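*Asks:* If you scroll down you'll find the structure; I have some questions about it.
Residue numbers (my numbering): 499 to 837.
Next comes the structure, spelled out in structure tokens:
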């Protein structure tokens, strides 16, 4: 009887499977609600809508990661025999992919900007759980990095929505239009963070999502193929939102006298912009920090699995097709790995 995590790492994997599966499900229920994974996501949009801007930033940037952290820190090393069972793994991957696509589709339908960003979190965190249950170094390291990216990008999106709400006291998309004419600095920062959230190369979101998709592709090409739909849909709902809010003439007289960002507001965005470009252009320091713990987790779950090289490849300071070449050329061959 112990609560020592290092001791449980040694003893928990020895629990018979018919007991371990129930313990895994108990852990899964708590963590899945916290992430949240589909279909346990219904609390999140309402929580974001009712929360003040600062509350939404903390919820998106920190609190939701407790669920994904729990999967990596506890579920994988405690129950390796369960997560490697084909049916359990198929369910975890399936729920992740459904969450990616469902969250993006529902985002397309939203009329409230804050609720749109909230549902986008369901989609983005689906990528995180997909990477975790890919159970290889690329997937898990990409997932952890994407959790950081989500905090940066989505936290910034909630700040962006909050700034408009403070000035106009409405989040309805139909109330806006032509905002770039009166708030050009705000419009520029918003575009950068939208591109970050949709995973454009040179920005942080691309590195995390690409690494996760590469890890999923190594295990099953269909997983990656279905998940790519989430990337496409993210571009659709974010660009459509930007077009309706920022482009064209100012259609509402109430928006004509909106003032642009204050120096204090610009200072708030500065570290987020720096982080977005830093991770997007040079992610190597982050992957170096992740390499050892990720390899330890993978070896616990899949003893003998090749580790190290794939993570190092994805950490090269390249983007776009260069990143694809680096990762794919140095990733371990799935046909040669040991189970």
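For every residue, glycine included, the Cβ atom is placed at its ideal position computed from N, Cα and C. Remember, predicted model here, so these are calculated numbers, not experimental data.
For residue 670, list the residues DSSP reports as bridge partners.
*Replies:* For residue 670, which the question treats as bridged, DSSP gives the partners 610.
*Asks:* Quick check on the DSSP output: what are the complete alpha helix (DSSP H) runs of length 4 or more inside the segment 675-718, in order along the chain?
*Replies:* Those alpha helix (DSSP H) runs which fall completely within the segment 675-718 and span 4+ residues are 682-696 and 702-717.
*Asks:* Using a 10 Å radius around the Cβ and a threshold of 16 neighbouring Cβ atoms, would you call residue 508 buried or exposed?
*Replies:* Exposed.
*Asks:* Have a look at residue 658 and residue 516 and give me their C-alpha separation to the nearest angstrom.
*Replies:* Distance between the alpha carbons of residue 658 and residue 516: 49 Å.
*Asks:* Let's test the definition: count the other Cβ atoms within 10 Å of the Cβ of residue 518 and tell me whether it reaches 16, buried, or not, exposed.
*Replies:* When all chains shown are included, residue 518 counts as buried.
*Asks:* Around the C-beta of residue 550, are 16 or more other C-beta atoms found within 10 angstroms, so that it is buried, or is it exposed?
*Replies:* It counts as exposed.
*Asks:* With a CB to CB cut of under 8 Å and the five nearest residues on each side skipped, what residues in its chain are close to residue 505?
*Replies:* None.
*Asks:* Roughly how many angstroms separate the alpha carbons of residue 654 and residue 634, rounded to a whole number?
*Replies:* Rounded to whole angstroms, residue 654 to residue 634 spans 30 Å at the Cα level.
*Asks:* DSSP three-state call for residue 759: helix, strand or coil?
*Replies:* Note: residue 759 maps to coil in three-state DSSP.
*Asks:* Taking DSSP as the reference, what is the three-state secondary structure of residue 536?
*Replies:* Coil, per DSSP.
*Asks:* Between the alpha carbons of residue 714 and residue 730, how many angstroms are there, rounded?
*Replies:* C-alpha separation (whole angstroms): 17 Å.
*Asks:* Compare the C-alpha of residue 628 against each of 535, 661 and 695 and name the closest.
*Replies:* It is 535 whose Cα lies nearest to the Cα of residue 628.
*Asks:* Just to confirm the assignment, what range does the alpha helix (DSSP H) spanning residue 564 have?
*Replies:* First-last of the alpha helix (DSSP H) with residue 564: 563-568.
*Asks:* Of all the options 626, 623, 562 and 601, which has the alpha carbon lying nearest to the alpha carbon of residue 450?
*Replies:* The requested residue 450 does not occur in the structure, where the chain is confined to residues 499 to 837.
*Asks:* Could you spell out the range, first to last residue, of the alpha helix (DSSP H) harbouring residue 505?
*Replies:* Element bounds for residue 505: 503-509.
*Asks:* Could you give the distance in angstroms between the alpha-carbon of residue 752 and the alpha-carbon of residue 666?
*Replies:* Each residue's Cα considered, the two are about 8 Å apart.
*Asks:* Taking the straight line between their C-alpha atoms, what separation do you get for residue 530 and residue 775?
*Replies:* If I take the Cα positions, the gap works out to 30 Å.
*Asks:* In whole angstroms, what is the alpha-carbon distance linking residue 735 and residue 605?
*Replies:* Roughly 6 Å between the two C-alpha positions.
*Asks:* CA-CA distance, residue 796 and residue 675?
*Replies:* Taking the straight line from one Cα to the other gives about 49 Å.
*Asks:* Compare the Cα-Cα distances from residue 560 to each of 598, 642 and 595 and report the closest residue.
*Replies:* Checked all of 598, 642 and 595; the closest Cα to residue 560 is 642.
*Asks:* Can you tell me whether residue 634 is helix, strand or coil according to DSSP?
*Replies:* Coil.
*Asks:* Roughly how many angstroms lie between the CA atoms of residue 499 and residue 611, to the nearest whole one?
*Replies:* Looking at the two C-alpha atoms, the distance is approximately 49 Å.
*Asks:* Considering only the alpha carbon of each residue, which of 791, 801, 802 and 804 lies closest to residue 571?
*Replies:* Considering only alpha carbons, the answer is 791.
*Asks:* Does residue 750 come out as helix, strand or coil in the three-state DSSP assignment?
*Replies:* Coil at residue 750, not helix or strand.
*Asks:* Taking DSSP as the reference, what is the three-state secondary structure of residue 513?
*Replies:* Residue 513 falls in the coil class under three-state DSSP.
*Asks:* Taking the straight line between their C-alpha atoms, what separation do you get for residue 617 and residue 520?
*Replies:* So the two alpha carbons sit approximately 30 Å from each other.
*Asks:* With H, G and I counted as helix, E and B as strand and the rest as coil, what does DSSP make of residue 769?
*Replies:* Helix at residue 769.
*Asks:* Quick one: does the C-beta of residue 772 sit closer than 7 Å to a heavy atom of the ligand ADP?
*Replies:* In the structure shown, the ligand ADP is absent, as is every other ligand, since no ligand is present at all.
*Asks:* For residue 524 and residue 569, what's the separation of their Cα atoms in angstroms?
*Replies:* Taking the straight line from one Cα to the other gives about 12 Å.
*Asks:* Using C-beta distances below 6 Å, list every residue in its chain close to residue 773, excluding the 5 sequence neighbours before and after it, in chain order.
*Replies:* So the list reads 650, once near-sequence residues are dropped.
*Asks:* Determine the burial state of residue 576: buried for a count of at least 16 other Cβ atoms within 10 Å of its Cβ, exposed for fewer.
*Replies:* With 16 or more other Cβ atoms within 10 Å, it is buried.
*Asks:* Measuring only the C-alpha atoms, how far is residue 586 from residue 670?
*Replies:* Between residue 586 and residue 670, the C-alpha separation is close to 41 Å.
*Asks:* Spatial neighbours of residue 578 within its chain, please: CB distance less than 7 Å, with the 5 preceding and 5 following residues excluded, ordered by chain position.
*Replies:* Contacts found: 511, 798 and 799.
*Asks:* Pop quiz: residue 608 and residue 625 are said to be a contact at Cβ under 8 Å. What is the actual Cβ separation, rounded to whole angstroms?
*Replies:* Actually they are not in contact, since the Cβ atoms of residue 608 and residue 625 sit about 20 Å apart, beyond 8 Å.
*Asks:* Helix, strand or coil: which one does DSSP assign to residue 805?
*Replies:* Coil at residue 805, not helix or strand.
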